[in-house]
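Sequential numbering from 1 applies to the sequence shown in the working numbering. Every residue, glycine too, gets a C-beta built ideally from N, C-alpha and C. The structure displayed is predicted, hence computed values, not measured ones.
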Amino acid sequence: MPNKVPFQVVYSSSADDNHRENELELHSPTTKGWQSSRFCLYPQELVLLMKEPIRLRKLQILSHQFMISSKVEVLISRVPTGQSPPC
Numbered sequence: 001m002p003n004k005v006p007f008q009v010v011y012s013s014s015a016d017d018n019h020r021e022n023e024l025e026l027h028s029p030t031t032k033g034w035q036s037s038r039f040c041l042y043p044q045e046l047v048l049l050m051k052e053p054i055r056l057r058k059l060q061i062l063s064h065q066f067m068i069s070s071k072v073e074v075l076i077s078r079v080p081t082g083q084s085p086p087c
């Protein structure tokens, strides 16, 4: 059964003032989500830190009907125990 996995946004290459990256950490009907800053440089990057090790089987990305990414690249890594994430 799919479930929401707790995570923290530790880096974003840009964000609109009204759609900050930490909005992704909130799950409610009033959440506005993240949006890159206007006229930003591409590619845009988001780094998510999972609160604990997980087994990822499916990743759902919801886009606005008029602001759809032309490409999404997902990179996954494991931070060794006792080390901090690189961002």
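Its Cα nearest to that of residue 13, the residue 46 stands out among 50, 46, 69, 59. Secondary structure at residue 41: coil, using DSSP grouped into helix, strand and coil.
Taking the Cα of residue 53 as reference, the smallest distance to any Cα among 17, 22, 10, 76 is reached at 76.
DSSP places residue 7 inside the beta strand (DSSP E), whose first and last residues are 7-12. Straight across, the Cα-Cα distance linking residue 21 with residue 6 is about 15 Å.
Between residue 66 and the set 51, 17, 35, 49, the nearest pair of CA atoms involves 35.
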